[in-house]
Amino acid sequence: CLPKFGLFAPIHKVIRIGFPSTSPAKAKKSKRVAMGVSSLAHSPSSSSISSVSSVASSVGGRPSRAGLLTETSSRYARKISGTTALQEALKEKQQHIEQLLAERDLERAEVAKANSHICEVEKELSVLKAQHVQYMTENESALQQVQTMLASTQKDKLELANQLEEEKRKVEDLQFRVEEESITKGDLEVIISIKYPSNSLTLSQTTVEEQSRIMQLEEELALRRAEIKDLQGQLRRVDAGSQQEFPGTDAKPETVLLREQLLTVGREHHKESSELKEKYETALASSQQEVESLRTVVEKQSAEIGEMKQKVQQATKENMEMMDSWKAKFDMLVTDHQQSLKELKASLSRGQSAPQGQEQDAQELRTTLESLKMEHQLEVENLKAKHKIEAAVLIKEREDLCNRLQEARDQLNGGRSDMEAQSSKAALSEASLKLQRAEARLAEMEVLQVERDKTTTALRDRLELSEKMMTDYQALQKAQAESQEEIQKLEEKLRVTANQLQAVQADHFKPHDANMIEDNEISDEKKKLKQNIEETMEKLMKKEKEVFTLSSQVEALKTQIGALENKVRSGEKKFEALAKEKMRVEAELEAMTKKSHDASGQLVSISQELFFNLLQDSLEYEEGKKVSPSV
1 CLPKFGLFAP
11 IHKVIRIGFP
21 STSPAKAKKS
31 KRVAMGVSSL
41 AHSPSSSSIS
51 SVSSVASSVG
61 GRPSRAGLLT
71 ETSSRYARKI
81 SGTTALQEAL
91 KEKQQHIEQL
101 LAERDLERAE
111 VAKANSHICE
121 VEKELSVLKA
131 QHVQYMTENE
141 SALQQVQTML
151 ASTQKDKLEL
161 ANQLEEEKRK
171 VEDLQFRVEE
181 ESITKGDLEV
191 IISIKYPSNS
201 LTLSQTTVEE
211 QSRIMQLEEE
221 LALRRAEIKD
231 LQGQLRRVDA
241 GSQQEFPGTD
251 AKPETVLLRE
261 QLLTVGREHH
271 KESSELKEKY
281 ETALASSQQE
291 VESLRTVVEK
301 QSAEIGEMKQ
311 KVQQATKENM
321 EMMDSWKAKF
331 DMLVTDHQQS
341 LKELKASLSR
351 GQSAPQGQEQ
361 DAQELRTTLE
371 SLKMEHQLEV
381 ENLKAKHKIE
391 AAVLIKERED
401 LCNRLQEARD
411 QLNGGRSDME
421 AQSSKAALSE
431 ASLKLQRAEA
441 RLAEMEVLQV
451 ERDKTTTALR
461 DRLELSEKMM
471 TDYQALQKAQ
481 AESQEEIQKL
491 EEKLRVTANQ
501 LQAVQADHFK
511 PHDANMIEDN
521 EISDEKKKLK
531 QNIEETMEKL
541 MKKEKEVFTL
551 SSQVEALKTQ
561 IGALENKVRS
571 GEKKFEALAK
581 EKMRVEAELE
591 AMTKKSHDAS
601 GQLVSISQEL
611 FFNLLQDSLE
621 YEEGKKVSPS
631 V
């Protein structure tokens with residue numbers, strides 16, 4: 001064969017067959033070419049295919065030189081068997097490629113399923129995220145409402161506590177006033193009993209007599225009822241004994257007699273009860289008449305007190321006018337006396353400057369001055385005596401009027417103090433009850449506030465957990481994005497392998513060694529793809545598990561949020577009920593404050609009237625004392 005063409009085999013397995021082309025030099029060249037390293041690498045595809053067949057055919061022994069035709073025929077047969085082997089190898093490669101394509105299609109289907117599952121999971125996660133955001137906003141709004149409600153309740157609590165403290169102070173003041181009024185009432189009762197013992201004795205005697213009568217009548221009624229019961233029992237016993245022992249007509253008259261006795265006793269009891277009722281009614285009527293008479297007496301005394309007040313005012317006015325007139329007269333006399341003294345002094349000064357012939361006129365003037373002084377002193381003494389007499393009369397009248405006024409005021413104050421004490425005691429009892437109720441309600445409000453604080457803390461903890469879940473969810477989204485990127489990379493690798501497989505199919509007529517190398521590369525890539533797919537599937541499973549845990553946590557959060565919403569609703573209902581109770585308590589407190597203000601106003605008005613009257617009396621008395629020594 002020519003160099004670089006034909007058979008490539010070791011020299012010890014090649015024999016020259018006598019062709020002119022086979023020379024020793026050419027054999028050496030072929031040996032060098034066969035022993036070279038790069039000869040097989042740079043040979044074309046046809047030489048590589050023939051070399052495979054020559055290698056397979058050169059395994060046998062050396063042919064003999066005699067049978068050249070048989071050797072050539074055997075070589076052709078061996079070439080034909082080599083082509084059949086190549087065809088079988090190509091078929092196997094095609095089957096292998098078809099299997100690889102089928103596996104690639106299956107892997108693509110699995111990847112598509114995984115992508116669809118990932119899309120569904122992403123949709124569910126987006127829905128869950130939206131729901132979570134809604135629940136977060138709702139919970140935040142609910143928390144804000146609860147915080148505002150708590151702030152309002154705390155403010156109301158402080159206001160109620162301040163009102164309670166004020167009411168307690170007012171109640172203490174009222175108790176102190178009631179105690180003072182009870183003390184004054186006792187003093188007034190003692191004074192009235194001392195001054196008017198007859199009325200108190202008659203009233204006490206009438207009440208004691210009426211009570212004794214009522215007790216006697218009740219005792220008589222009890223005795224009569226006991227007698228009637230005994231007689232009824234005797235009748236029943238007699239009827240039973242007569243029916244058992246004597247069923248005839250002999251027992252009838254005894255029963256008739258007993259019934260007549262019962263009737264007579266009942267009539268007598270009825271008469272006595274009617275008489276007792278009449279007596280009691282008459283006693284009540286008499287007591288009512290006495291009460292009305294006492295009322296009329298009190299009204300008359302109040303009218304007399306008013307008249308006495310008017311008279312006292314008129315007398316004080318007259319006294320003031322008299323005092324003003326006396327003061328004016330006294331001032332006139334003093335001014336006249338001073339003017340006369342000034343004139344005399346002036347005349348004396350003139351007289352000293354005049355000659356001695358006028359000394360007689362000065363002596364006359366001195367005598368006139370002395371006479372005027374004596375007259376003035378006499379007039380002043382007379383005025384003092386008259387004023388003393390009039391002042392003594394006025395003081396006596398004023399003392400009598402003051403005594404009468406004090407007696408009338410004591411009586412009125414006694415009645416008023418009784419009424420005010422009763423009303424104040426009732427008001428105090430009501431106020432104490434309402435204060436106790438308000439304190440109990442405040443305790444309930446405090447308990448509810450503690451519960452609301454607990455619920456708010458629980459809500460905050462759960463919101464923190466939900467925020468952590470959101471961060472985990474975002475991390476999962478990032479991991480999903482990374483997994484999608486990896487899946488895209490794997491798809492690209494699959495496409496590259498598919499292209500490579502197509503290139504293998506296009507080059508399936510290449511030599512066997514290249515096909516083996518490509519098969520090895522394809523198997524390696526297939527293994528890598530399988531590993532990548534397994535890793536992606538494991539990641540998908542992990543993500544599915546994480547999504548499942550997230551969904552379970554979201555459902556748990558939903559249940560917790562529902563429970564919290566129910567708690568918030570119940571708390572709102574309780575808050576509304578407490579607000580209504582608060583309004584009612586505030587209304588009651590306002591009513592109590594109005595009552596206490598009215599009572600305190602009445603007490604203040606009474607105390608002011610008494611103080612004003614006492615001041616007037618003391619001022620009049622002091623003015624009378626001042627006028628008497630000045631005159």
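First residue of the sequence shown? That's 1 in UniProt numbering, and the numbers climb one at a time after it.
Ideal placement from N, C-alpha and C gives every residue a C-beta, glycine not left out.
Just so it is clear, the structure is predicted and the values come from calculations on it, not from any experiment.
Sequence-distant residues of the same chain with beta carbon closer than 6 Å to residue i, five excluded per side
| i | result |
| --- | --- |
| residue 497 | 525 |
| residue 490 | 532 |
| residue 547 | 121 |
| residue 550 | none |
| residue 26 | In this prediction, residue 26 has a pLDDT of 44, which is less than 50 and means its spatial position is unreliable; what the coordinates show is noted afterwards. Closer than 6 Å at Cβ, skipping near neighbours: no residue. |
| residue 134 | none |
Residue closest to residue i, alpha-carbon to alpha-carbon, out of the options
| i | options | result |
| --- | --- | --- |
| residue 503 | 489, 521, 490 and 272 | 521 |
| residue 564 | 492, 174 and 458 | 458 |
| residue 444 | 154, 146, 297 and 555 | 154 |
| residue 213 | 282, 224, 237 and 194 | 282 |
| residue 101 | 384, 572, 495 and 540 | 495 |
| residue 218 | 177, 179, 175 and 277 | 277 |
| residue 484 | 126, 406, 577 and 536 | 536 |
| residue 274 | 220, 226, 307 and 314 | 220 |
| residue 224 | 579, 127, 264 and 570 | 264 |
| residue 460 | 159, 146, 475 and 335 | 146 |
| residue 117 | 571, 552 and 539 | 539 |
| residue 148 | 15, 572 and 584 | 572 |
| residue 136 | 561, 304, 307 and 305 | 561 |
| residue 410 | 386, 99, 343 and 184 | 184 |
| residue 568 | 554, 215 and 141 | 141 |
| residue 479 | 465, 542 and 523 | 542 |
| residue 161 | 112, 446 and 279 | 446 |
| residue 383 | 329, 132, 335 and 400 | 329 |
| residue 556 | 84, 112 and 132 | 132 |
| residue 108 | 594, 544, 529 and 578 | 529 |
| residue 558 | 82, 138 and 11 | 138 |
| residue 578 | 437, 534, 403 and 175 | 437 |
Sequence-distant residues of its chain with Cβ nearer than 7 Å to residue i (five each side left out)
| i | result |
| --- | --- |
| residue 156 | 582 |
| residue 247 | The predicted model places residue 247 with a pLDDT of 48, which falls under 50 and marks its position as unreliable; any figure quoted below should be read in that light. Excluding residues within five positions, none has a Cβ falling inside 7 Å. |
| residue 574 | 448 |
| residue 59 | Summary for residue 59: the model assigns pLDDT 44, below 50, so the residue's position carries little reliability, and this model does not support an answer. |
| residue 321 | none |
Same chain, Cβ closer than 8 Å to residue i, five either side skipped, listed in chain order
| i | result |
| --- | --- |
| residue 104 | 494, 497, 498 and 501 |
| residue 114 | 487, 536, 537 and 540 |
Check: Counting Cβ pairs closer than 8 Å, one from the region 166-186 and one from the region 572-588, do we hit at least three?
Finding: Between the region 166-186 and the region 572-588, the count of C-beta pairs closer than 8 Å stays below three; the two stretches do not touch.
Check: Does the region 285-292 come within contact of the region 219-231, defined as at least 3 CB pairs closer than 8 Å?
Finding: Counting Cβ pairs under 8 Å, fewer than three are found: no touch.
Note to self: Would you call the region 385-397 in contact with the region 290-306, where contact means no fewer than 3 C-beta pairs closer than 8 Å?
What the structure shows: By the Cβ criterion, the region 385-397 is not in contact with the region 290-306, since fewer than three pairs of Cβ atoms, one from each stretch, lie closer than 8 Å.
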